[in-house]
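Numbering (the working numbering), first residue to last: 173 to 417.
Okay, structure coming up:
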């Protein structure tokens, strides 16, 4: 699914840990606020409510403990809308395997930072639109390896490099506010949008419809919503009405 010039896509998150749909606080294991069986049924629910794309993260993969490939395959079979997938993609071979499963867009974080040439290779092989680089920020610095390791660069310092390498889009997660349901700071999103010519998708801290309205002013082309949906702070059907405003 291509990003639209006048549209900010609302992307409900399905985060997978131990084969279940969960919501963590700032990505930390042991902080599960939500645990739901059958993530594929959760994804289907979001599709039925009108989501045009589902954002799936393999948390076990991101934390390098195992992968949830079986669950990912169940989601692919259950839903008809595109799947955007990230978490634990540490090799070209695994990336190719996932893209050949018909994942619409693959989100690559740690491997992109450590081996930037992999972005060029994958975008040439599968097309830029299917390759998204994840730039996750904590204390204004990019973090990798399940947000456990920080590098001494801001997202805006390296965003242009990934655009030139062939990334078709960037996922920006503000880890400082992710999962806290405490609102968001839109300035980092604006700065990142202004640093590149490719679409930016924002994630982290979205708590209310007002937060989504603020994001419509930033130029981001997509917004990932997780905890706010699962804690009934935001109704997806209401959120989807903001996609084209």
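Positions of the beta carbon are idealized from the N, C-alpha and C atoms, including for glycine.
Quick caveat: nothing in here was measured; it's all calculated off a predicted structure.
C-beta atoms of residue i and residue j nearer than 8 Å
i, j, result
"residue 367", "residue 332", "yes"
"residue 391", "residue 365", "yes"
"residue 250", "residue 215", "yes"
"residue 344", "residue 303", "no"
"residue 387", "residue 395", "yes"
"residue 291", "residue 279", "no"
"residue 228", "residue 207", "no"
"residue 179", "residue 399", "no"
"residue 414", "residue 384", "yes"
"residue 235", "residue 288", "no"
Nearest candidate by alpha-carbon position, reference residue i, set the options
i, options, result
"residue 397", "262, 378 and 364", "378"
"residue 286", "272, 274 and 305", "305"
"residue 239", "246, 230, 220 and 225", "230"
"residue 266", "294, 289 and 246", "294"
"residue 330", "309, 317, 347 and 320", "309"
"residue 271", "299, 289 and 288", "299"
"residue 336", "316, 361 and 369", "369"
"residue 381", "356, 204 and 213", "356"
"residue 262", "225, 317, 412 and 393", "317"
For residue i, the first and last residue of its enclosing alpha helix (DSSP H)
i, result
"residue 334", "327 to 337"
"residue 195", "Not the alpha helix (DSSP H): residue 195 falls in the beta strand (DSSP E), residues 192 to 195."
"residue 344", "Note, residue 344: premise wrong, no alpha helix (DSSP H); beta strand (DSSP E) at 341 to 346."
"residue 185", "Unbroken run through residue 185 is the beta strand (DSSP E), 181 to 189; no alpha helix (DSSP H)."
"residue 494", "Residue numbering for the chain in the displayed model covers 173 to 417; residue 494 lies beyond these limits and cannot be assessed."
"residue 174", "Residue 174 -> no alpha helix (DSSP H), and no H or E assigned at all."
"residue 278", "Element bounds for residue 278: not the alpha helix (DSSP H) but the beta strand (DSSP E), 277 to 280."
Cβ distance (whole Å) where residue i is taken to contact residue j below 8 Å
i, j, result
"residue 255", "residue 276", "6 Å"
"residue 313", "residue 322", "5 Å"
"residue 209", "residue 192", "6 Å"
"residue 211", "residue 247", "6 Å"
Burial state of residue i, where buried means 16 or more other Cβ atoms lie within 10 Å
i, result
"residue 341", "buried"
"residue 232", "buried"
"residue 187", "buried"
"residue 257", "buried"
Near the ligand SAM: residue i beta-carbon under 7 Å from a heavy atom
i, result
"residue 218", "Questions concerning the ligand SAM fall outside what the structure shown contains, since it holds no ligand whatsoever."
Host beta strand (DSSP E) of residue i (start-end)
i, result
"residue 415", "First-last for residue 415: undefined, no H or E at that position."
"residue 313", "313 to 316"
"residue 306", "303 to 310"
"residue 375", "372 to 375"
"residue 396", "394 to 397"
"residue 255", "255 to 258"
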